[in-house]
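For the record, the sequence lines run as chains S and X. Throughout the first sequence, residue numbering follows my numbering, covering 1 to 158 in sequence. Throughout the second sequence, residue numbering follows my numbering, covering 1001 to 1481 in sequence. Quick reminder that beta carbons are idealized off the backbone N, C-alpha and C, glycines included. Owing to the predicted nature of the structure, the values given are computational and were not obtained by experimental measurement.
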Amino acid sequence: MEGTISKKALLLWEFLGLAAAALLAWLINFLFPAHTFWWYLLLWLDGLALVLCEFLYLPLRYQNERYIVDEEYVQYERGFIIFVRSRILRRAILYVTIIRTPFSLLFGTRTIQIYSMGTKMIIPFLPEEEAYALLQELTPKVPAIRPRLFDRKESRHE
Amino acid sequence: MNEYQRQHPLYIVHAFSKYLLLLLLPLLRSLVLLSGSFLEWVKGTWFDILILVVIISAGILQWLATNYVLRSKGIFIESGWIAQKIRYIPYKNLSSIVVEDPFYLRPFKISKVRMETDGGSTSQADVTLLLRRSQTEEILNLGAARLAEGKGGPKGIRTYRPRPLYIAILSLITSNTITGVLFASTFISQSGKVLGQQFEDLLLHSITKIIRILAFNIPPAAAMAAAVLLGGWGIAFLINLISHLRFRATRQNRLLTVRAGVFTLKEYYLAVERINYVMLRQNLITWLCGVYSAFLNCTGYGKERNELAVLFPAAGKEDLRRTLRLILPEFKVTRRRSRPHIRTFTRFIIPPLSAMAVILILFGGLWILFPQFQRTTLYFGVMAEIPALWWLFVKIAAYFHVGIGMQGDMYTFRYTFGYAFFIVTLHKDKISKVETQQSLFQKMSGCSDILIYTFSEKHYHLRVHNIRQDGVEEFLKVFGK
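Following this line, the structure appears as structure tokens:
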């Protein structure tokens, strides 16, 4: 089982980027005298950052978002500047939670949280059906692993 | 068995001893120094006496409300008089049982017993009881015996006793200046509260006088800073040394027992299958000398303040192998299979070199801007450069240290954090999550960081820096099986 997050996530990020750039432009306009060197420079930099973010960074970041559910593990990949791969063994999963917020109702998405002892994995912006299918698939059918420290074959120190 | 039992009545005083001491000693002092009649003393101190009565009454109520009963497979505990808490803990779910014998409780033949499971509070024990030695023995006979049950583990009883020198080395490595400074400042302020402001002033005056005598040819501020650092470290060293003297580890079937301490004798009964990982720790000097200190992570061990989860205080490479095989043969330290590539060497040394450059620029600026303080600036500048230079040496050594070793289901991770070198060995089943992180620069040099989140009561993860990409892929392939 393999999938990606909802395209609506990209839409939301693009909107948030645009809103942040607009806010920054308003601040520059408010703090610096109009048509001066610094006013032009900062506005141009703000515009450049917006273009890079909207047309390069965010689409590439979205492209890297992926989850894989194998027989043995669950893997979630994300990030562009720092590419991160998280992996949890399915035997170590304690329980799975679905999070629904007013925003997720608006976009028809859900966030899934997979808990193991001492840590968790969060996969956001999953399409609703996919999130519920994952919940069914990943919820442990048997209790989480017991330590197998004494089941191993003998091996030596190096 | 099967009968509700109470804690020792001394619990009434012991539970609130900190507050009682703060109230009782000033009260007694004023009574001793009394010049008027007893009635006048009562008139002057009636509020303190009232609080003392309230505290003791609360202690009595808490003592009456706490009961426990031992069953063949677990323990029932009732506690709390405002909100009652009833718990049943099966012995098989226990990770550890800790028995503490502080010197002031020994004449009464009383011990403090802590019981821990993998769940519950991360800062406090799941169950803490103040019991008579006979009651403690009863709990150990049932609980500790259950921890040892099951097939597997070495045959017979195996014991390890380190040399006192090794304990001194451990204290040398693990002593923290902040702990010592905190201890000293608490001691000074509390002694002021208990013995009066005059005593606190005398103490501070004497310390300042000693520092003045010792500080020759260096600025007074620098002498004070050096004294605080050195004094704090010295106190922490002594605390660590005293609490680990008479260290002894014994392995029997699936049970590991650790005993240590002089003033407070502590006995830890640990379930081996609940040990999450074994950690070997070094600093630059011990790394160069090949000396290791071993710690283990098991819920309840090393949880209290000023407590270290020591497996063995210090050992050379051969000693380490032998002792680990003796005490915990299940945990193997394996050779590193994945390691950093030579072209990532610069990634190790750039951070300390940058720190050195920033300090140089900062103090260079101060030197030019404040010519009247050039001596002090030079002193603090050199002092600030020393840790950065030390960090550079650590990072150079880190390149030869970091890596991953795999043998069957046992994994060994070698990494550095700050100035310390770590080797963590654990079973595959004790890894709760693996994460790989690759920045754009790391992508260019073909390496990644690996983050391992282990099973632990508290959140804990380790980061192995700049491992070659093919090694990372191999690790993920093996881990996924």
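What residue range does the alpha helix (DSSP H) around residue 133/S cover?
Your numbering for residue 133/S matches position 133 in the first sequence. 128–138 is the extent of the alpha helix (DSSP H) around residue 133/S.
Using a Cβ cut-off of 7 Å, pull out every chain S residue sitting near residue 1439/X, in sequence order please.
For the purposes of this step, residue 1439/X is taken as residue 439 along the second sequence, with counting starting at 1. By Cβ distance, chain S contributes 81 and 82.
Among 1382/X, 1380/X, 1417/X and 1386/X, whose alpha-carbon lies nearest the alpha-carbon of residue 1397/X?
Reading the second sequence from its first residue, position 397 is the one you call residue 1397/X. Ranking 1382/X, 1380/X, 1417/X and 1386/X by Cα distance to residue 1397/X puts 1417/X first.
So, helix, strand or coil for residue 1376/X, using DSSP?
On the second sequence, position 376 is the one that residue 1376/X refers to. In this structure, residue 1376/X counts as helix in the three-state DSSP scheme.
Tell me the DSSP bridge mates of residue 1447/X?
Here residue 1447/X corresponds to residue number 447 of the second sequence, with the count starting at 1. DSSP output for residue 1447/X lists 1468/X as bridge partner(s).
Tell me whether residue 1330/X is buried or exposed, calling it buried when 16 or more other Cβ atoms sit within 10 Å of its Cβ.
Translated into positions along the second sequence, residue 1330/X becomes position 330. Burial call: buried.
So what's residue 1304/X in DSSP terms, helix, strand or just coil?
Along the second sequence, one-based indexing puts residue 1304/X at 304. Three-state result, residue 1304/X: coil.
Does residue 70/S pass the burial test, meaning 16 or more other C-beta atoms within 10 Å, or should it be called exposed?
Numbered from its first residue, the first sequence carries residue 70/S at position 70. Its Cβ having fewer than 16 others within 10 Å, residue 70/S is exposed.
Using CA atoms only, rank isn't needed, just tell me which of 1302/X, 1297/X and 1284/X is closest to residue 1243/X.
Looking up residue 1243/X in the second sequence gives position 243. It is 1302/X whose Cα lies nearest to the Cα of residue 1243/X.
Reducing DSSP to helix, strand and coil, say where residue 1102/X ends up.
The residue you call residue 1102/X lines up with position 102 of the second sequence. Residue 1102/X: strand per DSSP, three-state reduction.
With H, G and I counted as helix, E and B as strand and the rest as coil, what does DSSP make of residue 1279/X?
The residue labelled residue 1279/X in the question sits at position 279 within the second sequence. Of the three classes helix, strand and coil, the one that applies to residue 1279/X here is strand, per DSSP.
When DSSP labels each residue in this structure, what does residue 1111/X get in the three-state scheme?
What you label residue 1111/X is simply residue 111 of the second sequence in a count that begins at 1. Three-state DSSP puts residue 1111/X in a strand.
Sort out for me which residues DSSP pairs residue 1350/X with in a bridge.
Counting from 1 along the second sequence, the entry for residue 1350/X is found at position 350. In the DSSP output, where bridge partners are listed per residue, residue 1350/X has none listed.
Which residues share a DSSP beta bridge with residue 1422/X?
Locating residue 1422/X in the second sequence gives position 422, where the first residue counts as 1. BP columns for residue 1422/X point to 1281/X and 1415/X.
DSSP has residue 111/S in a bridge; who is on the other side?
Here residue 111/S refers to the residue found at position 111 of the first sequence. DSSP output for residue 111/S lists 99/S as bridge partner(s).
Given that a residue counts as buried once 16 or more other Cβ atoms are within 10 Å of its Cβ, and exposed if not, what is residue 1339/X?
Taking the second sequence and counting its residues from 1, the one referred to as residue 1339/X is at position 339. By the 10 Å Cβ count, residue 1339/X comes out buried.
Does the segment 1225–1236 of chain X come within contact of the segment 1112–1128 of chain X, defined as at least 3 CB pairs closer than 8 Å?
Short answer: they don't touch.
Below 9 Å between beta carbons: does that hold for residue 1066/X and residue 1094/X?
Along the second sequence, read from residue 1 onward, the residue named residue 1066/X stands at position 66. Along the second sequence, read from residue 1 onward, the residue named residue 1094/X stands at position 94. For residue 1066/X and residue 1094/X, no; Cβs fall outside 9 Å.
On a CA-only basis, which of 25/S, 45/S, 120/S and 95/S is nearest residue 1454/X? Give me that one, please.
Position 454 of the second sequence, counting from 1, holds the residue named residue 1454/X. Out of 25/S, 45/S, 120/S and 95/S, 120/S has the C-alpha closest to the C-alpha of residue 1454/X.
For residue 1332/X and residue 1275/X, what's the separation of their Cα atoms in angstroms?
Numbered from 1 along the second sequence, position 332 holds the residue referred to as residue 1332/X. Numbered from 1 along the second sequence, position 275 holds the residue referred to as residue 1275/X. Cα to Cα, the separation comes out at about 14 Å.
Just verifying my parser: in three-state terms, what is the DSSP assignment at residue 1335/X?
Residue mapping note: residue 1335/X aligns to position 335 of the second sequence, counting from 1. Coil.
Which residues, taken in chain order from the segment 117–145 of chain S, show a beta carbon closer than 7 Å to some beta carbon of chain X?
Hits within the stretch, in order: 117, 118, 119, 121 and 145.
Is residue 87/S close to chain X? Criterion is C-beta to C-beta, closer than 9 Å.
Residue numbering aside, residue 87/S sits at position 87 when the first sequence is read from its first letter. Interface residue, yes.
Where residue 1299/X and residue 1069/X are concerned, what is the direct C-alpha to C-alpha distance, given to the nearest angstrom?
In the second sequence, counting from the first residue as 1, residue 1299/X sits at position 299. In the second sequence, counting from the first residue as 1, residue 1069/X sits at position 69. Those two C-alpha atoms are separated by around 23 Å.
Could you tell me whether the Cβ of residue 1295/X comes closer than 9 Å to any Cβ of chain S?
Within the second sequence, residue 1295/X is the residue found at index 295, counting from 1. No, because no Cβ of chain S sits closer than 9 Å to the Cβ of residue 1295/X.
Taking a contact to mean a Cβ-Cβ separation below 9 Å, would you say residue 1157/X touches residue 1029/X in this structure?
One-based indexing of the second sequence puts residue 1157/X at position 157. One-based indexing of the second sequence puts residue 1029/X at position 29. Cβ atoms of residue 1157/X and residue 1029/X: not closer than 9 Å.
Note the first and the last residue of the continuous beta strand (DSSP E) segment covering residue 1489/X.
Only positions 1001 to 1481 of chain X appear in this structure, which leaves residue 1489/X out of reach.
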